[in-house]
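Participant: Going from the sequence shown to the working numbering is simple: count from 1 and add 44.
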Amino acid sequence: MIDKQAKIYVAGHRGMVGSAIVKQLTAAGHQNIIVRTHAELDLTDQNAVKDFMQQEKPDYVILAAAKVGGIHANNVFPAEFIYQNLMMEANIVHQAWAAGCQNLLFLGSSCIYPKLAPQPMTEDALLTGILEATNEPYAIAKIAGIKLCESYNRQYGTDYRSVMPTNLYGHNDNFHLENSHVIPAMIRKFHDAKINQSATVTLWGTGTAMREFLHVDDMASASIHVLGLTTEHYQSNTAPMLSHLNVGTGIDVTIKELAETIQEVVGFEGQIVWDSTKPDGTPRKLMDVSKVKALGWEPKVTLKHGLIDTYKWFIENQDQFKSH
45 MIDKQAKIYV
55 AGHRGMVGSA
65 IVKQLTAAGH
75 QNIIVRTHAE
85 LDLTDQNAVK
95 DFMQQEKPDY
105 VILAAAKVGG
115 IHANNVFPAE
125 FIYQNLMMEA
135 NIVHQAWAAG
145 CQNLLFLGSS
155 CIYPKLAPQP
165 MTEDALLTGI
175 LEATNEPYAI
185 AKIAGIKLCE
195 SYNRQYGTDY
205 RSVMPTNLYG
215 HNDNFHLENS
225 HVIPAMIRKF
235 HDAKINQSAT
245 VTLWGTGTAM
255 REFLHVDDMA
265 SASIHVLGLT
275 TEHYQSNTAP
285 MLSHLNVGTG
295 IDVTIKELAE
305 TIQEVVGFEG
315 QIVWDSTKPD
325 GTPRKLMDVS
335 KVKALGWEPK
345 VTLKHGLIDT
355 YKWFIENQDQ
365 FKSH
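(1) For Tyr104, report the span of its alpha helix (DSSP H) as first-last.
(2) So, are the CB atoms of Val291 and Val207 less than 7 Å apart?
(3) When burial is assigned at 16 or more other CB atoms within 10 Å of the CB, is Thr275 buried or exposed?
(4) Considering only the beta carbon of each residue, do Lys366 and Phe312 sit closer than 7 Å?
(5) For the alpha helix (DSSP H) that contains Trp318, what are its first and last residues?
(6) Under the assumption that Val309 contacts Leu258 (Cβ atoms under 8 Å), give the Cβ distance between them as a whole number of angstroms.
(7) Roughly how far, in whole angstroms, is the beta-carbon of Arg255 from the beta-carbon of Leu302, given that I think they are within contact range, below 8 Å?
(8) Decide yes or no for the touch test of the segment 146-159 against the segment 168-179: beta carbon pairs closer than 8 Å, at least 3 of them.
(9) Pick from His57, Val120, Trp141 and Gly251: whose alpha carbon is nearest that of Arg328?
(10) Pop quiz: Val93 and Leu87 are said to be a contact at Cβ under 8 Å. What is the actual Cβ separation, rounded to whole angstroms?
(11) Tell me which residues share the same chain as Ala108 and place their Cβ nearer than 8 Å to its Cβ, disregarding the 5 neighbours each side in the sequence.
(12) CB Glu373 to CB Gly201, shorter than 7 Å?
(13) If you count every other CB in all the chains shown that lies within 10 Å of the CB of Ala338, and 16 or more means buried, which is it?
(14) So the candidates are Ala110, Asp47 and Leu171; which of them puts its Cα closest to the Cα of Leu286?
(15) The alpha helix (DSSP H) spanning Met347 covers which residue range?
(16) Let's see if you can read the secondary structure: which residues bound the beta strand (DSSP E) around Leu151?
(17) Roughly how many angstroms separate the alpha carbons of Thr282 and His288, rounded to a whole number?
(18) Quick check on Asn211: buried or exposed, where buried means 16 or more other Cβ atoms within 10 Å of its Cβ?
(19) Nearest to Ala143 by CA position, among Leu85, Ile115 and Gln99, is which residue?
(20) Please report how far the alpha carbon of Asp262 lies from the alpha carbon of Asn240, in whole angstroms.
(21) Quick one: complete beta strand (DSSP E) runs, 3+ long, within the segment 179-259?
(22) Based on Cα-Cα distance, which residue from Val270, Leu149, Lys348 and His225 lies nearest to Trp248?
(23) Closest to Leu149 by CA distance: which of Asp95, Pro164, Asp363 and Ser265 is it?
(24) With DSSP as the reference, please indicate the residues paired to Lys329 in a beta bridge.
(25) Determine whether the beta carbon atoms of Gly325 and Ile115 lie at a separation below 7 Å.
(26) Quick one, which of Pro162, Gln68, Lys51 and Thr244 has its alpha-carbon nearest Asp319's?
(27) For Met230, is the classification buried or exposed, using 16 other Cβ atoms within 10 angstroms of its Cβ as the cut-off for buried?
(28) Let me check understanding here. Comparing Cα to Cα, which of Ile52, Pro162, Thr305 and Glu194 lies closest to Gln75?
(29) In its own chain, which residues sit with a C-beta less than 6 Å from the C-beta of Gly272, not counting the 5 before and 5 after it?
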């Protein structure tokens, strides 16, 4: 368990995962939570991060800050994705260590695994094959983050841990029509089509690709759970240079099934058209989550209930998305 009095720095507290983590830490009675907006602290600025860490000296760091996006964004902005993510994690991990912080949690992504990794993907599939080309720069940055944590643990005796979530969705997601991930993009498309009384909604790919989805509240609970494990308990289930943990539901659906569920949740009564000239991405991405479950964590939010909850949040906050 994390001491209620401990000073916890959450990097990326305005993002989808970071905001959910702050909400759950606050609800659990943690009152010494440190946050900074991008305007207050540029995480790609080495000196700024150094000054911040030396001043605050947090007991725990949760690295939830990242430059993220869907297939389109990863294709169009590959330099930004690799540069910004590498800089943020290198600065935060190194300066946390330099400030004497022994406990850090790094949040990665399931895209670290090879495109054709055996399914479901186990932690030891890392670095065993070619990555999915569309998001390789982002994946390389996340792999580097894992190895940063493991290297500091080996050399300096820190306890830096990594969790690799499957596809996340929920409150505070990005609903931009071009730069968002599959669930928010579909919610936005079906909602707009319903409002405009469109006859059809066109979606990318064939609908045959399979994906696993995790509600952000489940990811937040997993992050706090893993960070709070004793060193002995955590290390007994991981290896020094293979210390990351998969976090997911262990259940996947086809994109077609997902689309039909979102269509039902939103209440769009038209037809779905699949544009097979657009990429499907990786054929299947399912996480083996037996390790994190053995450490005492289980997901609680079903996909249907999570989608209902997310659509409700979108409706309540849609004004902020109308400009894009």
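Ideal Cβ placement from N, Cα and C applies to all residues, glycine included.
Facilitator: According to the structure data:
(1) Taking the sequence shown and counting its residues from 1, the one referred to as residue 104 is at position 60. Segment Tyr104 to Leu107 is the beta strand (DSSP E) holding Tyr104; no alpha helix (DSSP H) there.
(2) Taking the first residue of the sequence shown as 1, we reach residue 291 at position 247. Taking the first residue of the sequence shown as 1, we reach residue 207 at position 163. For the pair Val291 and Val207, the CB atoms are nearer than the 7 Å cut-off.
(3) Taking the sequence shown and counting its residues from 1, one reaches residue 275 at position 231. Around the C-beta of Thr275, fewer than 16 other C-beta atoms lie within 10 Å, and the residue is accordingly described as exposed.
(4) Position 322 of the sequence shown, counted from the start, is the residue given in the question as residue 366. Position 268 of the sequence shown, counted from the start, is the residue given in the question as residue 312. Cβ distance not < 7 Å, so Lys366 and Phe312 don't count as in contact.
(5) Position 274 of the sequence shown, counted from the first residue, corresponds to residue 318. Element bounds for Trp318: not the alpha helix (DSSP H) but the beta strand (DSSP E), Gln315 to Asp319.
(6) For this step, residue 309 is matched to residue 265 along the sequence shown. For this step, residue 258 is matched to residue 214 along the sequence shown. Contact doesn't hold; Cβ gap of about 17 Å is too wide.
(7) For the purposes of this step, residue 255 is taken as the residue at position 211 of the sequence shown. For the purposes of this step, residue 302 is taken as the residue at position 258 of the sequence shown. Going by Cβ atoms, the distance from Arg255 to Leu302 rounds to 7 Å, so yes, they are a contact pair.
(8) Taking 8 Å as the limit for Cβ pairs, the verdict is that the segment 168-179 does touch the segment 146-159.
(9) If you number the sequence shown from 1, residue 328 lands on position 284. Taking the Cα of Arg328 as reference, the smallest distance to any Cα among His57, Val120, Trp141 and Gly251 is reached at Gly251.
(10) Here residue 93 refers to the residue found at position 49 when the sequence shown is read from its first residue. Here residue 87 refers to the residue found at position 43 when the sequence shown is read from its first residue. About 6 Å separates the beta carbon of Val93 from that of Leu87, a gap short enough to meet the 8 Å contact definition.
(11) Within the sequence shown, residue 108 is the residue found at index 64, counting from 1. Here the set comprises Val54, Ala55, Gly56, His57, Gly59, Val61, Gly62, Ile65, Leu151 and Ser267.
(12) Because residue 373 is not part of the residues shown, which for the chain are 45 to 368, the question remains open.
(13) Within the sequence shown, residue 338 is the residue found at index 294, counting from 1. By the neighbour-count rule (16 or more Cβ atoms within 10 Å), Ala338 is not buried but exposed.
(14) On the sequence shown, position 242 is the one that residue 286 refers to. The residue with the shortest Cα to Cα distance from Leu286 is Leu171.
(15) To locate residue 347, count along the sequence shown from 1; it is residue 303. Here residue 347 turns out to be Leu, not Met, going by the sequence shown. Under the DSSP assignment, Leu347 falls in the alpha helix (DSSP H) whose first and last residues are Leu347 to Asn361.
(16) The sequence position of residue 151 within the sequence shown is 107, counting from 1. Unbroken beta strand (DSSP E) run through Leu151: Asn147 to Leu151.
(17) Translated into the one-based positions of the sequence shown, residue 282 becomes position 238. Translated into the one-based positions of the sequence shown, residue 288 becomes position 244. Distance between the alpha carbons of Thr282 and His288 is about 7 Å.
(18) Within the sequence shown, numbered from 1, the residue matching residue 211 stands at position 167. Around the beta carbon of Asn211, a 10 Å sphere encloses 16 or more other beta carbons of the protein chains shown; the residue is thus reported as buried.
(19) The residue labelled residue 143 in the question sits at position 99 within the sequence shown. Nearest of Leu85, Ile115 and Gln99 to Ala143, Cα basis: Gln99.
(20) By one-based count along the sequence shown, residue 262 stands at place 218. By one-based count along the sequence shown, residue 240 stands at place 196. Each residue's Cα considered, the two are about 34 Å apart.
(21) Complete beta strand (DSSP E) runs here, min 3: 203-209, 211-213, 244-248 and 254-259.
(22) Taking the sequence shown and counting its residues from 1, the one referred to as residue 248 is at position 204. Comparing Cα-Cα distances from Trp248 to each of Val270, Leu149, Lys348 and His225, the minimum goes to His225.
(23) Here residue 149 is taken as the residue at index 105 of the sequence shown, counted from 1. With distances taken between Cα atoms, Leu149 lies closest to Ser265.
(24) Along the sequence shown, read from residue 1 onward, the residue named residue 329 stands at position 285. DSSP lists Arg255 as partners of Lys329.
(25) If you number the sequence shown from 1, residue 325 lands on position 281. If you number the sequence shown from 1, residue 115 lands on position 71. Going by C-beta atoms, Gly325 is nearer than 7 Å to Ile115.
(26) Looking up residue 319 in the sequence shown gives position 275. Selected option, being the one with the closest Cα: Thr244.
(27) Start at 1 with the first residue of the sequence shown, and residue 230 comes out as number 186. The C-beta of Met230 has 16 or more other C-beta atoms within 10 Å across all chains shown, which makes the residue buried.
(28) Walking along the sequence shown from the start, residue 75 turns up at place 31. The closest CA to that of Gln75, considering only Ile52, Pro162, Thr305 and Glu194, is found on Ile52.
(29) To locate residue 272, count along the sequence shown from 1; it is residue 228. So the list reads Met45 and Ile46, once near-sequence residues are dropped.
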